[in-house]
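Undergrad: What the sequence shown shows, in full-length UniProt numbering, is residues 1 to 681, in sequence order. Note that CB positions come from ideal geometry on N, CA and C, so glycine has one too. Remember, it's a predicted structure, so these values are computed and weren't measured experimentally. Pasting a structure here, questions to come.
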Amino acid sequence: MSRLGSSTTTPIRAITSSLSARSSAPVPAASQTYEPLLRAVLRHRLLYGIFLSSAIFEWAQTMLWIGWWRGIGITQLPFLPFLPSTLAFTAFAWALGVVPVVVLRKARLTATRAAASSPSQTFKIATSKTTTFRSLATYVVSAAGITALHIINTYANEPPNSRGDHHLAVFVRSRKHPYYLNGRFLFLLFSQLTLAIAYFARNTMLDRFAVHWKSAHTQYSKPAAPYTYRLALTGFTALIFTGLVLSAYTAAFGLARSLVLPVLLGLPGVSKPLRPFCAHFLRGSWTIFLLFRNLPLIWRTFFVGFTTLSSWEFAESLFDEKIQEPIYVAQVTPDSSATLVSGITSSDVYFKYFAYHELNEFAKDDSPSALTRRTALFGDQKYSPSLWATLLRESLLFLGNDYQVLHTHTPLLAPAPAPPVLKPAPPSTPLLRKQIFKAPTQSPIRSVIDSIAADGALTQAVQNSVQTTAAHMPELFKGIESPATAIKQPLALIENEAAVKAITAPVRSISSLKHLLPMSVPLILSRVGEHWENWWRRERVSKTAEASLLYREVDALIVEVLSRLVCASLTEDRYGVVQRDIPRILEAMLSHLTAIEGYQAELSALAPVPSSDEDELSVKDREARDRVLMEVTRAGDVLAVVGDALKEGIVRIVRTFGERLSAFKFPPRIAHKLQGFVDYS
1 MSRLGSSTTT PIRAITSSLS ARSSAPVPAA SQTYEPLLRA VLRHRLLYGI
51 FLSSAIFEWA QTMLWIGWWR GIGITQLPFL PFLPSTLAFT AFAWALGVVP
101 VVVLRKARLT ATRAAASSPS QTFKIATSKT TTFRSLATYV VSAAGITALH
151 IINTYANEPP NSRGDHHLAV FVRSRKHPYY LNGRFLFLLF SQLTLAIAYF
201 ARNTMLDRFA VHWKSAHTQY SKPAAPYTYR LALTGFTALI FTGLVLSAYT
251 AAFGLARSLV LPVLLGLPGV SKPLRPFCAH FLRGSWTIFL LFRNLPLIWR
301 TFFVGFTTLS SWEFAESLFD EKIQEPIYVA QVTPDSSATL VSGITSSDVY
351 FKYFAYHELN EFAKDDSPSA LTRRTALFGD QKYSPSLWAT LLRESLLFLG
401 NDYQVLHTHT PLLAPAPAPP VLKPAPPSTP LLRKQIFKAP TQSPIRSVID
451 SIAADGALTQ AVQNSVQTTA AHMPELFKGI ESPATAIKQP LALIENEAAV
501 KAITAPVRSI SSLKHLLPMS VPLILSRVGE HWENWWRRER VSKTAEASLL
551 YREVDALIVE VLSRLVCASL TEDRYGVVQR DIPRILEAML SHLTAIEGYQ
601 AELSALAPVP SSDEDELSVK DREARDRVLM EVTRAGDVLA VVGDALKEGI
651 VRIVRTFGER LSAFKFPPRI AHKLQGFVDY S
C-alpha cells in the first residue's frame with residue numbers, strides 16, 4: 001500500500017519492433033529514367049546519321065567545284081578527294097553551311113505544330129516569336145559565310161582572266177574611285193541572302209521546325225528512303241526552288257538599279273553617304289544589256305545557290321527522318337515496365353510519343369517474356385500509385401485535354417442569323433398635337449405693333465408686291481445695274497479662294513487617279529493580285545481540323561495501347577485491377593469518338609453536293625467547288641487518324657469481353673453508343 005501511495009512512478013517503455021510502416025515510392029520521373037536513354041540514342045543519330053552523312057555530301061560537292069575550277073583530268077581525279085585543299089574547304093563548307101542549320105533545328109525542335117488555318121496566320125504566329133528572327137539570322141549568316149568561302153576558293157583555284165582578275169572583289173580596281181563597290185560581288189552576295197530568306201520562309205510556311213509524325217498505320221509500311229532517292233529529291237527541290245528565286249531576284253535587282261537607286265541618289269539626306277560607293281551604277285549600259293553581258297556571273301550565282309540549298313535541304317531532310325524514327329530503350333533497363341510508364345509522364349510530348357510507341361509494341365508482343373512483363377505491370381505493388389494507375393491517369397488526362405480542344409473548336413458552319421427584333425406597334429389612340437388651351441386675345445395696340453414688325457403681316461404684303469413687280473419687269477431694265485451695287489470683292493477673299501483651289505487641286509487629282517488606276521492596270525495583273533490575296537488570307541478547312549487535333553498521332557497511340565492492355569488483362573490480370581477501369585476507358589473513348597463524328601458531320605455539310613448543273617458552272621466556280629471538296633477530304637483524313645483508332649480500339653474491347661460488358665454500368669448516352677458496337681460485333 002505504501003508503494004501504491006508513493007508519488008514516484010516507473011515510466012512505461014514502448015516495445016521495440018523491427019517492423020516499420022514503409023510507404024511505397026512513386027514512379028520515378030521521366031527525367032531520371034527514360035529521357036537520358038532517349039537523348040543518348042538521339043545524340044548518336046545526330047552524330048553518325050546526320051553530321052557524318054552531310055559531311056560526305058559536302059565533300060562530294062567540294063570535289064565537283066575544285067575539279068571544275070582546276071580542270072582536272074581523269075588521271076588526277078582519284079587523288080582529288082584526298083588533297084589537303086579539298087579536305088580543308090570541305091571542312092569549312094560543312095562548318096559554315098550545315099552545322100549552324102542542324103544545330104538550329106535541334107534547338108527549335110518541338111512537338112507542337114502551329115495552329116494556323118491560313119498562310120497569313122502562319123506568318124503572324126512566326127513573327128510573334130523571338131526565336132524566328134534568330135533563326136532567320138542563322139540562315140543569313142550561313143549563306144554569307146558560304147559566299148565568302150566560295151570567293152576565297154575561286155581566287156585560290158580558278159585561273160584569272162586576261163586582266164588577272166576574277167571580278168569578285170568587294171571594290172572595283174580604280175585609283176580614282178577606290179571605294180566604288182563591285183556590282184558583281186553585290187549581285188552574288190545579295191542573291192545568297194535572298195535565297196536564305198526565301199528558304200527560311202519556305203520552312204516557316206511548311207512548319208518544318210515541328211515534328212510531323214507518320215500515322216500508326218504507315219509507320220512501318222514504308223522503309224527509310226534510300227540515299228539515291230534522297231539525293232534525287234534533294235537535287236530536284238534545290239533546282240526548282242533556286243531557279244524560281246533567282247529569276248525573281250534578277251528582275252528585282254535590275255529594277256533596283258534602274259529605278260530605286262537613282263531616286264535614292266537624288267534625295268538630299270541619302271545621296272551624300274551613298275554616292276562615294278554607288279555613284280558609278282548610274283553610268284554604263286542599260287540594265288537589260290548588262291544581263292546578257294554577265295551571263296557567266298548569272299550561271300555562277302545559280303550554281304552557288306544550288307549547292308548552298310542542296311546542302312541545307314539534304315541535312316534537313318535527314319533531320320526530319322531521324323527525329324521520328326522509333327526508339328526502343330526500355331529493354332536495356334532492369335524494370336522495363338517502370339521505365340515505359342515513367343516515360344509517358346514526361347512533360348515533353350516529343351518524349352511521350354516514343355514512350356507510347358514502345359508501350360504499343362510491348363502490348364502487341366505475344367512472347368512469353370512479354371506476357372510475364374504485362375502480368376507484373378497489372379499486379380504491381382511496388383509503387384504508389386501503381387504502374388497501371390499511373391499509366392491510366394496520364395493517358396486519360398492527355399486524351400481529356402485533347403478532347404476539350406476538339407469539343408470547343410470553332411464551328412465550321414456559321415450560326416443562323418438571329419431574327420430581327422420587331423418594334424412595338426404604336427398605340428391605337430391618336431396623339432393630340434394641337435393646343436388644348438384657348439389662346440388669349442391680344443389687345444388692339446399689340447396687334448398694330450405686330451403687323452408693323454419685320455415679320456408682320458403688313459411687311460410680308462409689301463415684300464410680296466415687290467417680288468411680283470420684279471417678276472414682271474422687262475429684260476431691258478434687268479440688265480442695267482447700278483454702280484453703287486457693283487461692289488468688288490475684297491482682295492483677301494480672292495486670294496483665299498485661290499489658295500484653297502491650289503490646295504484642293506492635288507487632292508482632287510489624286511482621288512481621280514485612284515479611280516482611274518484600276519482601269520489602267522491590266523486585267524490579268526488585277527486577277528493575279530486577287531488570286532494571291534485570296535491564297536494568302538483564305539482559311540483552309542484541313543488546317544482548322546489539324547489545329548483541333550494537334551497531337552492526333554499521340555492520341556491514336558494512347559487509344560491503341562489502352563485497348564490492347566485491356567484486352568490482355570482478361571487472361572493476364574490476376575487481381576482484376578484493369579477490369580475496374582473499363583467503364584472509364586470506354587466512356588473516354590466513346591466521348592472522344594462522338595466529338596469526332598460531330599466534326600465529320602460538319603465537314604459533310606460543307607462538301608458540295610453533286611448536281612446536274614455542274615456543266616453550266618463557270619471555270620471559277622468549278623475551281624472553287626473542287627478546292628472546297630479537296631479541303632474537306634484532307635480534313636477528313638486528319639480526323640480519321642484518331643477516329644479510326646478509336647473505332648478499332650472499341651471494337652477490340654467489345655469482341656474480347658463480349659457479354660461480360662453487361663456487368664458494368666454506363667451512363668445512358670455512353671450505353672446507347674456502346675450498344676451499336678455490340679450489335680456490330
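1) Would you mind reading off the limits of the alpha helix (DSSP H) that contains tryptophan 388?
2) Does valine 619 come within less than 8 Å of chain C when only Cβ atoms are used?
3) Can phenylalanine 306 and alanine 232 be called in contact, C-beta distance under 8 Å?
4) Residues in its own chain within less than 6 Å of threonine 345 by CB, not counting five upstream and five downstream?
5) Do the stretch 373–388 and the stretch 329–345 make contact, defined as three or more Cβ pairs closer than 8 Å?
6) For the alpha helix (DSSP H) holding valine 578, just list the boundary residues, first then last.
7) Along the chain, where does the alpha helix (DSSP H) containing glutamine 61 start, and where does it finish?
8) Quick check on glycine 343: buried or exposed, where buried means 16 or more other Cβ atoms within 10 Å of its Cβ?
9) Would you mind giving the Cβ-Cβ distance between serine 681 and arginine 655, rounded to the nearest angstrom? I have them listed as a contact below 8 Å.
10) Run the CB neighbour count on histidine 672, radius 10 Å, all protein chains shown included, and call it buried at 16 or more, exposed below.
11) Please name the residue or residues paired with alanine 25 in a DSSP beta bridge.
12) Going along the chain, which residues of its own chain have a beta-carbon closer than 7 Å to the beta-carbon of glutamate 187, five neighbours each way excluded?
13) On the three-state DSSP scale, how would you describe glycine 49?
14) Three or more C-beta pairs closer than 8 Å, one from the stretch 76–84 and one from the stretch 146–154: is that the case here?
15) Do the CB positions of leucine 38 and phenylalanine 354 come within less than 8 Å of each other?
16) Leucine 181 by DSSP, collapsed to three states: which one?
17) On the three-state DSSP scale, how would you describe residue 682?
18) Curious, which full-length alpha helix (DSSP H) runs of at least 4 residues does the stretch 198–279 contain?
19) Looking at residue 684: is its Cβ nearer than 8 Å to the Cβ of tryptophan 69?
20) Would you grab the beta carbon distance between glutamine 324 and valine 211 for me? Rounded to a whole angstrom, and I think it's under 8 Å.
21) Please report the distance separating the alpha-carbon of histidine 255 from that of histidine 407.
22) Under the three-state reduction of DSSP, which class applies to phenylalanine 89: helix, strand or coil?
23) Since asparagine 157 is in the alpha helix (DSSP H), which residue starts that stretch and which ends it?
24) By the three-class DSSP mapping on this structure, what secondary structure does glycine 164 have?
25) Quick one: using the 10 Å Cβ neighbour count with 16 as the cut-off for buried, is arginine 527 buried or exposed?
26) Can you tell which of Gly676, Lys665 and Gln32 has its C-alpha closest to the C-alpha of serine 347?
27) Using 10 angstroms around the beta-carbon of aspartate 621, count the other beta-carbons present and answer buried if the total reaches 16, otherwise exposed.
28) Pull up the distance between the alpha-carbon of tyrosine 227 and that of glycine 49, whole angstroms please.
29) Which of the three DSSP states, helix, strand or coil, is assigned to phenylalanine 666?
30) In angstroms with no decimal places, state the Cα-to-Cα distance between isoleucine 558 and aspartate 637.
31) Kindly list the residues whose CB is nearer than 6 Å to the CB of glutamate 546, restricted to its own chain and excluding five residues on each side of it in sequence; keep chain order.
32) Among residues of its own chain, excluding the 5 on either side of tryptophan 388, which ones have a beta-carbon nearer than 7 Å to its beta-carbon?
33) For the alpha helix (DSSP H) containing isoleucine 125, list its first residue and its last residue.
34) Do residue 684 and isoleucine 146 have their CB atoms nearer than 8 Å?
35) Going straight from the alpha carbon of leucine 104 to that of tyrosine 139, what length do you get?
36) Kindly identify the DSSP beta-bridge partner or partners of phenylalanine 171.
TA: Concretely, from the data shown:
1) 387–407
2) Any reference to chain C falls outside this structure, which holds one protein chain only.
3) no
4) Ala30 and Glu394
5) yes
6) Careful: valine 578 lies outside any alpha helix (DSSP H) and carries neither H nor E.
7) 52–70
8) buried
9) 5 Å
10) exposed
11) Tyr383
12) Reading off the sequence shown, one finds phenylalanine at residue 187, where the question assumed glutamate. These residues qualify, in order along the chain: Phe253, Leu297 and Thr301.
13) helix
14) no
15) yes
16) strand
17) The structure shown does not extend to residue 682, since the chain is modelled only from 1 through 681, so no value can be given for it.
18) 227–255, 261–266 and 268–278
19) A query on residue 684 cannot be resolved here, the shown segment of the chain reaching from 1 to 681 and no further.
20) 6 Å
21) The amino acid occupying residue 255 in the given sequence is leucine; histidine does not appear at that position. Roughly 52 Å separates the two Cα atoms.
22) helix
23) 130–157
24) Because glycine 164 carries a pLDDT of 47, less than 50, the predicted location of this residue cannot be relied on, and the following value inherits that uncertainty. Glycine 164: coil per DSSP, three-state reduction.
25) exposed
26) Gln32
27) exposed
28) 12 Å
29) coil
30) 19 Å
31) Val638
32) Leu377, Phe378, Asp380, Val577 and Val578
33) 119–127
34) Outside the displayed span of the chain (1 to 681) sits residue 684, for which this structure offers no information.
35) 9 Å
36) Leu181
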